[in-house]
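Residue 1017 is where the sequence shown starts when you use the numbering used here, and the numbers rise one by one after that.
For glycine and all other residues, C-beta sits at the position ideal for the given N, C-alpha and C.
Scroll down for the structure; my scribbles are underneath it.
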Amino acid sequence: MKDIAIPKTYNYIAVFLTFGCNYRCSYCINYFEVKKLPRGEISGKDWVKGLNRLVSRDDLPITLQGGEPTIHKDFYYIVNHIKPQLNIDILTNLQFDTDEFIKNVDPKRIKRQAPYASIRVSYHPEVMELEETSQKTLKMQDAGFSIGIWGVLHPKQENEILRAQERCKRLGIDFRTKEFLGEYE
1017 MKDIAIPKTY
1027 NYIAVFLTFG
1037 CNYRCSYCIN
1047 YFEVKKLPRG
1057 EISGKDWVKG
1067 LNRLVSRDDL
1077 PITLQGGEPT
1087 IHKDFYYIVN
1097 HIKPQLNIDI
1107 LTNLQFDTDE
1117 FIKNVDPKRI
1127 KRQAPYASIR
1137 VSYHPEVMEL
1147 EETSQKTLKM
1157 QDAGFSIGIW
1167 GVLHPKQENE
1177 ILRAQERCKR
1187 LGIDFRTKEF
1197 LGEYE
């Protein structure tokens, strides 16, 4: 099959490995247009075959996301078989076994030059504990991963997100906020 050259005007490559997620946040952007998302998954082998056709720039990684990308049954196979010429970053809720991740993924594989972390943890206070999330983040940092936390400034949880940001900054964790893109009330 032919290579697929990513146009120079593109600034993001989103790879939705799965729409499955281990959470069901009330404000999840994936549910705004539809009430039920498709549940079928492409095999890891097929993902790798397709993704390895891409020709991208050094400053344009492919972002593995979802749902929650780490629940894809072939997640580690995918990460470890994407060609090295493609930079990878990950958008995750960090609700996976960090020891298993550290054992199966080389930190250099998920690292690139960017003004933000290569692994971006979405913090959802309505379903996640900050202490557990921050400790897992620190563990991944200590293992050499470029990782930070992001919180969506949803009106219902904005104060909690800002408190979490201050706490994480004191711990040495990069915690950034993102505007809420949906509708509220």
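Can you tell me whether Ile1020 is buried or exposed? The criterion is at least 16 other CB atoms within 10 Å of its CB, across all chains shown. Position 4 of the sequence shown, counting from 1, holds the residue named residue 1020. By the 10 Å Cβ count, Ile1020 comes out exposed.
Going by DSSP in three states, Lys1194 sits in which element: helix, strand or coil? Walking along the sequence shown from the start, residue 1194 turns up at place 178. In this structure, Lys1194 counts as strand in the three-state DSSP scheme.
Ordered along the chain, which non-local residues of its own chain (more than five positions away) have a Cβ less than 6 Å from that of Asn1103? Your numbering for residue 1103 matches position 87 in the sequence shown. Pro1077 and Arg1128, listed in sequence order.
Looking only at its own chain, which residues have a Cβ that is under 8 Å from the Cβ of Gly1060, when we skip the five neighbours before and after it? Along the sequence shown, read from residue 1 onward, the residue named residue 1060 stands at position 44. So the list reads His1088, Lys1089, Asp1090, Phe1091, Tyr1093, Ile1094 and His1097, once near-sequence residues are dropped.
Spatial neighbours of Met1017 within its chain, please: C-beta separation below 7 Å, excluding the five flanking residues on both sides. Along the sequence shown, one-based indexing puts residue 1017 at 1. These residues qualify, in order along the chain: Arg1069.
Proximal residues to Ile1163 (C-beta, below 7 Å), its chain only, five neighbours per side dropped: Sequence index remark: in the sequence shown, residue 1163 carries index 147 (1-based). Answer for Ile1163: Ala1133, Ile1135, Val1137, Thr1153, Met1156 and Gln1157, listed in chain order.
Residues near Gly1160 by beta carbon distance below 6 Å, same chain, minus five either side: On the sequence shown, position 144 is the one that residue 1160 refers to. Only Pro1123 meet the Cβ criterion.
Put Leu1033 into one of helix, strand or coil per three-state DSSP. Taking the sequence shown and counting its residues from 1, one reaches residue 1033 at position 17. Residue state, collapsed to three classes: strand.
Beta-carbon separation of Thr1034 and Gly1066 under 8 Å? On the sequence shown, position 18 is the one that residue 1034 refers to. On the sequence shown, position 50 is the one that residue 1066 refers to. No, the Cβ-Cβ distance between Thr1034 and Gly1066 is not below 8 Å.
At 3 residues or longer, what runs of the beta strand (DSSP E) sit wholly inside the region 1067-1147? 1078-1082, 1104-1108 and 1135-1139
Considering only residues of the same chain and omitting the five flanking positions on each side of Phe1196, which have a CB-CB separation below 6 Å? The count along the sequence shown starts at 1 and reaches residue 1196 at position 180. Contacts found: Val1168, Leu1169 and His1170.
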